[in-house]
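First to last, the protein sequences are chains B and C. Heads up: the first sequence at position 150 corresponds to 150 in this note's numbering, and the numbers run straight through without jumps. Heads up: the second sequence at position 166 corresponds to 803 in this note's numbering, and the numbers run straight through without jumps. A virtual CB, placed ideally from N, CA and C, is assigned to each residue, including glycine. Everything numeric in this text was worked out from a predicted model, so none of it was measured.
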Amino acid sequence: MKLESRVPSGPLAEKWDKHRFEMKLVNPANKRKYTAIVVGTGLAGGSAAASLAELGYNVKAFCFQDSARRAHSIGAQGGINAAKNYQNDGDSIWRLFYDTIKGGDFRSREGNVYRLAQVSNNIIDQCVAQGVPFARDYGGTLDNRSFGGAQVSRTFYARGQTGQQLLLGAYAALNRQIGRGQVEMHPRTEMLDLVLIDGHAKGIVVRNLATGKIESHAADAVVLATGGYGRVFNLSTMGLGCNVTAAYRAYKRGALFANPCFTQIHPTCIPHTGEFQSKLTLMSESLRNDGRIWVPKKKGETRPPSQIPEDERDYYLERKYPSFGNLAPRDISSRSAKEVCDEGRGVGPTGYGVYLDFSDAIKRLGKNIIEQRYGNLFEMYHLITDEDPYEVPMRIYPASHYTMGGLWVDYNLMSNIPGLHVIGEANFSDHGANRLGASALMQGLADGYFILPYTISDYFARVGAKNISTDREEFRAAEKEVKDRVKKLMAVNGKQTAESFHKRLGIIMWEYCGMARNEAGLKKALELIPALREEFWSDVKVLGEAGDMNQTLERAGRVADFLEFAEIFAYDALNREESCGAHFREEYQTGEGEALRNDKKFAYVAAWEYKGVGQKPGLHKEELEFENVELATRSYK
Amino acid sequence: MNFTLHVWRQKNARDKGRMETYRAHDITPDMSFLEMLDVVNEELVEKGTEPIHFDHDCREGICGACSLVINGIPHGGKKGCTTCELRMRNFKDGDEIYVEPFRAKALPVVKDLMVDRSALDRIMQAGGFVSVSTGAVPDGNAIPVPKAVADKAMDAAACIGCGACIAACKNASAMLFVAAKVSHLVHLPQGQVERERRVRNMVAQMDKEGFGNCTNYYECEAVCPKSISVEVIAKMNREYLKALTKPVK
Chain B
1 MKLESRVPSG
11 PLAEKWDKHR
21 FEMKLVNPAN
31 KRKYTAIVVG
41 TGLAGGSAAA
51 SLAELGYNVK
61 AFCFQDSARR
71 AHSIGAQGGI
81 NAAKNYQNDG
91 DSIWRLFYDT
101 IKGGDFRSRE
111 GNVYRLAQVS
121 NNIIDQCVAQ
131 GVPFARDYGG
141 TLDNRSFGGA
151 QVSRTFYARG
161 QTGQQLLLGA
171 YAALNRQIGR
181 GQVEMHPRTE
191 MLDLVLIDGH
201 AKGIVVRNLA
211 TGKIESHAAD
221 AVVLATGGYG
231 RVFNLSTMGL
241 GCNVTAAYRA
251 YKRGALFANP
261 CFTQIHPTCI
271 PHTGEFQSKL
281 TLMSESLRND
291 GRIWVPKKKG
301 ETRPPSQIPE
311 DERDYYLERK
321 YPSFGNLAPR
331 DISSRSAKEV
341 CDEGRGVGPT
351 GYGVYLDFSD
361 AIKRLGKNII
371 EQRYGNLFEM
381 YHLITDEDPY
391 EVPMRIYPAS
401 HYTMGGLWVD
411 YNLMSNIPGL
421 HVIGEANFSD
431 HGANRLGASA
441 LMQGLADGYF
451 ILPYTISDYF
461 ARVGAKNIST
471 DREEFRAAEK
481 EVKDRVKKLM
491 AVNGKQTAES
501 FHKRLGIIMW
511 EYCGMARNEA
521 GLKKALELIP
531 ALREEFWSDV
541 KVLGEAGDMN
551 QTLERAGRVA
561 DFLEFAEIFA
571 YDALNREESC
581 GAHFREEYQT
591 GEGEALRNDK
601 KFAYVAAWEY
611 KGVGQKPGLH
621 KEELEFENVE
631 LATRSYK
Chain C
638 MNFTLHVWRQ
648 KNARDKGRME
658 TYRAHDITPD
668 MSFLEMLDVV
678 NEELVEKGTE
688 PIHFDHDCRE
698 GICGACSLVI
708 NGIPHGGKKG
718 CTTCELRMRN
728 FKDGDEIYVE
738 PFRAKALPVV
748 KDLMVDRSAL
758 DRIMQAGGFV
768 SVSTGAVPDG
778 NAIPVPKAVA
788 DKAMDAAACI
798 GCGACIAACK
808 NASAMLFVAA
818 KVSHLVHLPQ
828 GQVERERRVR
838 NMVAQMDKEG
848 FGNCTNYYEC
858 EAVCPKSISV
868 EVIAKMNREY
878 LKALTKPVK
């Protein structure tokens, strides 16, 4: 299989314009003959469903939550980037492009990333017009802040709730189309299989979570906007329902899974406290603008932070990266925190935590300013930990947060299966080996509002409307497979809960495939994962009925898919014998402990093909070509 | 910590439902209320009893999925806090805790503690938006919005759509929820064009769904995890009256 990126030729800045002109259009009168299925209603799915419906296509949208408004895009706190240069500080489309491709450690496509930077400005305009209440300055113009390792202030925000407000904007646009009858919305519905007809994605099989009924839906194209797979680590900052199932089912039907080992570990989360913890809460990284990160210089320090004198503190990010300091990129900050904790200098009851200290900022700016900037985050921290961050430094530790890897897509956001489009976090396309702060919201909305509506029209125009019926044999067969699998899960009738297997998988993944990886550990993971999977299928306990609302069954199905998916993840990490971005292989580092890329051998996208459960997946390579940027060594010193 | 829980169990929408008693053992003060229920559920599954069903997702107070009436108060009564954020250190060791679903005619129980909140989506579909399609929009800075106005809009827009306001209201009124959206959009210049149509349509849908009216008890504001002020209801009432005096466009 030859992977065609379909990035248009010509100068970088003209590629998207040229492509938009070359793509075929669907006549306005013919648009109503086409139906698109959109799975997931977060920023990418919600905005895509609304925009496709506005164009006149029929849309069927699906989400597993009880309402489209609850997708986990809502959790994003910090902001959304755009190259508006409203602050007159030297930003440009080129700079946003360059920062993004460099931040991703040169493991993404130039063409895609440049387009992302180009449409970033349209997103802000669109959201403002929808009534998204972005923060504003006294003159009434939009306010910006510097965020997540950027040297310009290009981040737009709505208090600490930017994801929520952008999602509610997309949800409102979606509601308008549901009200007009242009979108048929299916909440509490989970996609369990993809249906191919003559090699094209033409439908899905779903389980109605409220009734347990298995149903088929046909369309002219399928769009997956099903988010990331960070819950493979079990504990993460993601919503508890986030899962890999839809993407993994598509993978089993032939879609390639690209760069699964590129997973982001976010540096500023509230540390783990106990065995029954269900999630790790993110503290927005905007806190790093004013907070200083430190640990005691001495191992096994027992004094409270206020009694540790200044010269016995190690502000390790400021020490190691003087020009970026506490704002060093996420992968670097996370790894540095792990290092100091592994040395025995971590703080808090578990020793896996570092201080994020606001006392200097409070002295410099006053408590009022700090409260204005971070009030809601401080309250949230106080609520969870029972410690007041105005008085005592916060304790933070890295946690699984975002997955750069995902289903492989071309420049049209279409996978190698014709008709199957993948957008937002579910695809692999724009962030390379590491995503910069405030870029996830940008990519989700870019895909949904401004890219997919064009490229899916091109696909429709090329293949024509097919008006496929769910009575076809392909749907019957897929439904039967789904039903058999549900039956099989219910029939095991073992002793252990799906939850307990998820926890054990999470421990394996965090230990051997987490912030730092090595060959021996990855090989160990590849022994442990199949063994755990076998145990799952012989000893999992699922209660209740298949034909009814059943949360244990839902959970078991998702865990079963994670138990298969985890293996491709480990194979990918083992294959990539270099360190880049968030993928840190201990064997490949500089004398100073920095990531050592190998551009000669690994400047490619690793796209994996399903070969059977427990079989090593097949590797396909898409070589990355850099015509406009020089592959520099990322340095934040 | 150990607790005795009295929990509403209801197999499905057709079932009558009843309270059941369970014990929660070895709970730590740092656990959230939902983590405590996770522990109880793990034990139930091991014993072969179907676990207690409840809606939840983000577990950090922003998605609005979690609900529960805890000891008679939606989200448990700690100010500015959802059930998923509520920590067990707010209870005393040995406490008896009563856990029930949000109750309102327009929010029927799906199973155990889960309720059907699709009525709230339908109200939003009736008018909770600005009718602007993708693409045809001016520059983000084309229309300045005074900071104080943008802040007011943001205060109202913070609603997470959990429905606690309805569960707390003796009239099962959804007015805080509806008014938060009306107020958010009416403050902004972008919301002006449709201000009359929006409030009329949303209120009509709210009535159609069977929600009650506001009689100023302010229970909604007291339990709102985002502390949305009842001022928004006053704002909506004014908007609604004004809209009624104008011809339908």
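So residue i contacts chain D; which residues on that side make the cut at Cβ distance below 7 Å?
{"i": "residue 299/B", "result": "Reference to chain D is not applicable here, since the protein chains of this structure are B and C."}
Report buried or exposed for residue i, applying the criterion of at least 16 other Cβ atoms within 10 angstroms of its Cβ.
{"i": "residue 88/B", "result": "exposed"}
{"i": "residue 15/B", "result": "buried"}
{"i": "residue 663/C", "result": "exposed"}
{"i": "residue 428/B", "result": "buried"}
{"i": "residue 190/B", "result": "buried"}
{"i": "residue 491/B", "result": "exposed"}
{"i": "residue 1/B", "result": "exposed"}
{"i": "residue 360/B", "result": "exposed"}
{"i": "residue 73/B", "result": "buried"}
{"i": "residue 156/B", "result": "buried"}
{"i": "residue 850/C", "result": "exposed"}
{"i": "residue 635/B", "result": "exposed"}
{"i": "residue 405/B", "result": "buried"}
Mind pulling the chain B residues with CB within less than 8 Å of residue i?
{"i": "residue 649/C", "result": "548, 549"}
{"i": "residue 960/C", "result": "Because chain C is modelled from 638 through 886, residue 960/C falls outside the range shown and cannot be assessed."}
{"i": "residue 755/C", "result": "66, 67, 187"}
Just the chain B side, please: which residues come within less than 9 Å of residue i by C-beta, in chain order?
{"i": "residue 614/C", "result": "In the structure as shown, chain C starts at 638 and stops at 886, and residue 614/C therefore has no counterpart that could be examined."}
{"i": "residue 734/C", "result": "In chain order: nothing, as chain B lies at least about 17 Å away."}
{"i": "residue 794/C", "result": "131, 132, 133, 158, 161, 164, 165, 168"}
{"i": "residue 604/C", "result": "Outside the modelled stretch of chain C, which goes from 638 to 886, sits residue 604/C, for which no answer is possible."}
In this structure, how does DSSP classify residue i when only helix, strand and coil are distinguished?
{"i": "residue 159/B", "result": "coil"}
{"i": "residue 735/C", "result": "strand"}
{"i": "residue 189/B", "result": "strand"}
{"i": "residue 647/C", "result": "coil"}
{"i": "residue 381/B", "result": "helix"}
{"i": "residue 408/B", "result": "coil"}
{"i": "residue 290/B", "result": "coil"}
{"i": "residue 458/B", "result": "helix"}
{"i": "residue 257/B", "result": "strand"}
So which residues on chain C does residue i lean against when the C-beta distance must stay under 8 Å?
{"i": "residue 507/B", "result": "Correct list: empty, because the minimum Cβ distance to chain C is about 16 Å."}
{"i": "residue 34/B", "result": "The contacting residues do not exist; residue 34/B stays about 17 Å from chain C at best."}
{"i": "residue 433/B", "result": "Per Cβ cutoff of 8 Å: no residues; residue 433/B is ~27 Å from chain C at best."}
{"i": "residue 407/B", "result": "The premise fails here: residue 407/B is roughly 23 Å from chain C at the closest Cβ pair, so nothing lies under 8 Å."}
{"i": "residue 172/B", "result": "761, 765, 766, 767"}
What in chain C is Cβ-close to residue i, meaning under 7 Å?
{"i": "residue 158/B", "result": "791"}
{"i": "residue 139/B", "result": "781"}
{"i": "residue 176/B", "result": "766, 768"}
{"i": "residue 179/B", "result": "762, 763"}
At a CB-CB cut-off below 9 Å, which residues of chain C make contact with residue i?
{"i": "residue 384/B", "result": "667, 669, 697, 722, 724"}
{"i": "residue 541/B", "result": "682, 683, 685"}
Interface residues of chain B around residue i at Cβ under 7 Å?
{"i": "residue 880/C", "result": "By Cβ distance, chain B contributes nothing, its closest Cβ being about 18 Å from residue 880/C, past 7 Å."}
Cβ-heavy atom distance between residue i and the ligand SAH below 7 Å?
{"i": "residue 302/B", "result": "The ligand SAH is absent from the structure shown, which contains no ligand whatsoever."}
Can you confirm whether the region 765-784 of chain C touches the region 174-181 of chain B when touching is taken to mean that 3 or more C-beta pairs between the two stretches lie within less than 8 Å? yes
Using 8 Å as the Cβ pair cut-off and three pairs as the minimum, do the region 458-472 of chain B and the region 138-146 of chain B touch? no
Taking a cut of 8 Å between CB atoms, which residues from the region 324-346 of chain B lie near chain C? none
Which residues, taken in chain order from the region 231-248 of chain B, show a beta carbon closer than 7 Å to some beta carbon of chain C? 239, 240, 241
When the Cβ atoms of the region 305-313 of chain B are set against those of the region 119-129 of chain B, are three or more pairs found closer than 8 Å? no
By the 9 Å beta-carbon criterion, what residues does the region 755-769 of chain C contribute toward chain B? 755, 757, 758, 759, 761, 762, 763, 764, 765, 766, 767, 768, 769
Evaluate contact between the region 510-521 of chain B and the region 482-498 of chain B, counting only Cβ atoms and requiring at least three cross-stretch pairs below 8 Å. no
Count the CB pairs spanning the region 390-400 of chain B and the region 262-269 of chain B that are closer than 8 Å, and state whether there are at least three. yes
Just checking, does the region 793-803 of chain C make contact with the region 849-867 of chain C on the three C-beta pairs under 8 Å criterion? yes
By the 8 Å beta-carbon criterion, what residues does the region 253-279 of chain B contribute toward chain C? 273, 274, 276, 277, 278, 279
State whether the region 223-240 of chain B contacts the region 248-267 of chain B, with contact taken as three or more CB pairs (one from each stretch) at a distance under 8 Å. yes
Report yes or no: do the region 534-546 of chain B and the region 368-379 of chain B share at least 3 C-beta pairs separated by less than 8 Å? no
Using a beta-carbon distance cut-off of less than 7 Å, what residues from the region 479-507 of chain B approach chain C? 497, 499
Segment contact, 8 Å Cβ cut-off, at least three pairs: the region 746-765 of chain C with the region 64-83 of chain B: yes
May I ask you to verify whether the region 27-35 of chain B touches the region 152-169 of chain B, counting CB pairs closer than 8 Å and requiring at least 3? no
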